[in-house]
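Enquirer: Questions regarding the structure given below will be posed in turn.
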Amino acid sequence: DLPIDDIDELIQDMEIKDDYE
Amino acid sequence: MSSEKVLNYTAPFKSFLDTSFFQELSRLKLDVLKLDSTFQPLVVNLDLRNIPKSADQVPLFLTSRGFEENNNRSDNEVPVRGKILNFNVLDDFRKLDKQHFLRQRALECWEDGLRDINNCVSFAIISFADLKKYRFYYWLGVPCFQRPSSTVVHVRSEPSSAYICTKYQDWFDANYSKWVCILNENEDIVNYDKHIIGKTKVLAVRDTSTVENVPSALTKNFLSVLRHDVPDLTDFKLLIIRQKGGSFALKVTFVSSDSQSSPSNPDMKVSGWEKNMQGKLAPRVVDLGSL
Chain A
18 DLPIDDIDEL
28 IQDMEIKDDY
38 E
Chain B
15 MSSEKVLNYT
25 APFKSFLDTS
35 FFQELSRLKL
45 DVLKLDSTFQ
55 PLVVNLDLRN
65 IPKSADQVPL
75 FLTSRGFEEN
85 NNRSDNEVPV
95 RGKILNFNVL
105 DDFRKLDKQH
115 FLRQRALECW
125 EDGLRDINNC
135 VSFAIISFAD
145 LKKYRFYYWL
155 GVPCFQRPSS
165 TVVHVRSEPS
175 SAYICTKYQD
185 WFDANYSKWV
195 CILNENEDIV
205 NYDKHIIGKT
215 KVLAVRDTST
225 VENVPSALTK
235 NFLSVLRHDV
245 PDLTDFKLLI
255 IRQKGGSFAL
265 KVTFVSSDSQ
275 SSPSNPDMKV
285 SGWEKNMQGK
295 LAPRVVDLGS
305 L
């Protein structure tokens, strides 16, 4: 089980920076 | 509006996954799928006439019924097929190459679109269900693709009467599964046919955007298939048809292109991952533990 802070970090870690739009 | 401009696009849908969707996903995971981590089909019926005033696009509203093959479409609703890939392990969800995944989905839409241009619309969800905490990680993507040859280099607004737009709206109402139609030589609205549009040069697209004069990014999918089907077509009239008003017409010019990549391995730009509540291109987390 992940604490909330770790979830935020996990989500940020998966962020895509350069999606084509 | 009469001057030349850049053709911009909006996100095609805004997703809403309600509690019943996650309840059904949990039931499937525990009772049916267990450790089976393969795609499961989904279907959503879009209500194009009831879009919230504040929304920039049609809601993609997923409930438990999304898992049902025949979920009782109402009149005026447009079915959109999708699929969900639910991972067994959070780390597999995290490590998935998201851009590669969406490109694969875009290639599927492209190949489906080559068979029938109306079939290049779909969505995909990746998820991980933490059933101990009742916490769900998910990310929805709508594959939107553009081939270099379908780049629009010149676009200009065209006049379009309310009467004409209503005729197209009526056609789309009567042909709920269609996303595209054309004019034939008799100026009748008919199903897409690459031999006819090469002569009449009028393409109408069902639009899911509500932003003034800005179509949904799904338009790129249709234009990519059109350019492939009719490579010699460079100038044409594009009608963006909305069921709730705001339809408009454009005169569009494609980039000059002598070469096209192989249809089986096409060169294309792909987008479509939905932004999360923070406006980031990243997954969402829903915590239903308190329920």
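Residue numbers (my numbering), protein chains in the order written: chain A, 18 to 38; chain B, 15 to 305.
Just so it is clear, CB atoms sit at the ideal spot from N, CA and C, and this is done for glycine as well.
Fully enclosed by the region 80-114 of chain B, which alpha helix (DSSP H) runs are 4 residues long or longer?
Expert: 104-109
Enquirer: Classify B:T180: buried if its beta carbon has 16 or more other beta carbons within 10 angstroms, exposed otherwise.
Expert: Around the CB of B:T180, fewer than 16 other CB atoms lie within 10 Å, so the residue is classed as exposed.
Enquirer: Just to check my reading of the structure: B:K192 and B:N205 have Cβ atoms closer than 8 Å, yes? What is that Cβ distance to the nearest angstrom?
Expert: 7 Å
Enquirer: Quick check on DSSP: helix, strand or coil for B:P73?
Expert: strand
Enquirer: Can you pull the chain A neighbours of B:P297, defined as C-beta to C-beta under 7 Å?
Expert: I28, M31
Enquirer: Taking DSSP's pairing of strands, which residues face B:F28 in a bridge?
Expert: The displayed chain sequence assigns Lys, not Phe, to residue 28 of chain B. Residue pairing by DSSP places B:K28 opposite B:P73 in a beta bridge.
Enquirer: Check each candidate in B:N59, B:I98, B:G212 and name the one with the smallest Cα separation from B:K43.
Expert: B:I98
Enquirer: My output table needs one value for B:T233: the three-state DSSP class, helix, strand or coil.
Expert: DSSP places B:T233 in helix when its eight states are reduced to three.
Enquirer: Evaluate B:V194 with the Cβ neighbour count: other Cβ atoms within 10 Å of its Cβ, from every protein chain shown; 16 or more gives buried, anything less gives exposed.
Expert: buried
Enquirer: Kindly give me the distance between the Cβ atoms of B:V103 and B:V58, rounded to whole angstroms, as I take these residues to be in contact under 8 Å.
Expert: B:V58 and B:V103 do not touch by the CB rule: their CB atoms are close to 27 Å apart, not below 8 Å.
Enquirer: Just the Cα atoms here: how many angstroms apart are B:K289 and B:L154?
Expert: Between B:K289 and B:L154, the C-alpha separation is close to 9 Å.
Enquirer: Once you ignore the five residues that flank B:V244 on each side, which residues in its own chain have a CB closer than 7 Å to its CB?
Expert: Cβ neighbours of B:V244 within its own chain (closer than 7 Å, five residues either side excluded): K208, I211, G212.
Enquirer: Could you give the first and the last residue of the continuous alpha helix (DSSP H) run that contains B:K208?
Expert: Here the alpha helix (DSSP H) through B:K208 covers 208-214.
Enquirer: Quick check for students: name the residue ranges of the alpha helix (DSSP H) that lie wholly in the region 158-200 of chain B, counting only runs of 4 or more.
Expert: With a minimum length of 4 residues, the continuous alpha helix (DSSP H) runs that stay inside the region 158-200 of chain B are 176-188.
Enquirer: Against B:R108, what residues of chain A qualify as contacts under a CB-to-CB distance less than 8 Å, listed in chain order?
Expert: The contact set of B:R108 on chain A, defined by CB atoms closer than 8 Å, consists of L27, D30, M31 in chain order.
Enquirer: Using CA coordinates, which residue listed in B:S40, B:Q113, B:G96, B:V135 is at the minimum distance from B:L145?
Expert: B:S40
Enquirer: Consider the Cβ of B:K265: report whether some Cβ of chain A lies at a distance smaller than 8 Å.
Expert: no
Enquirer: Which stretch, first to last residue, makes up the alpha helix (DSSP H) that contains B:S34?
Expert: Run containing B:S34: 33-41, per the alpha helix (DSSP H) assignment.
Enquirer: Can the beta-carbon of B:R161 be found closer than 8 Å to that of B:D249?
Expert: no
Enquirer: Reducing DSSP to helix, strand and coil, say where A:E38 ends up.
Expert: Annotation note: pLDDT 49 at A:E38 (below 50); position unreliable, no value reported.
Enquirer: Could you check how far apart the C-beta atoms of B:N235 and B:V135 are, in whole angstroms? I think they sit under 8 Å.
Expert: 7 Å
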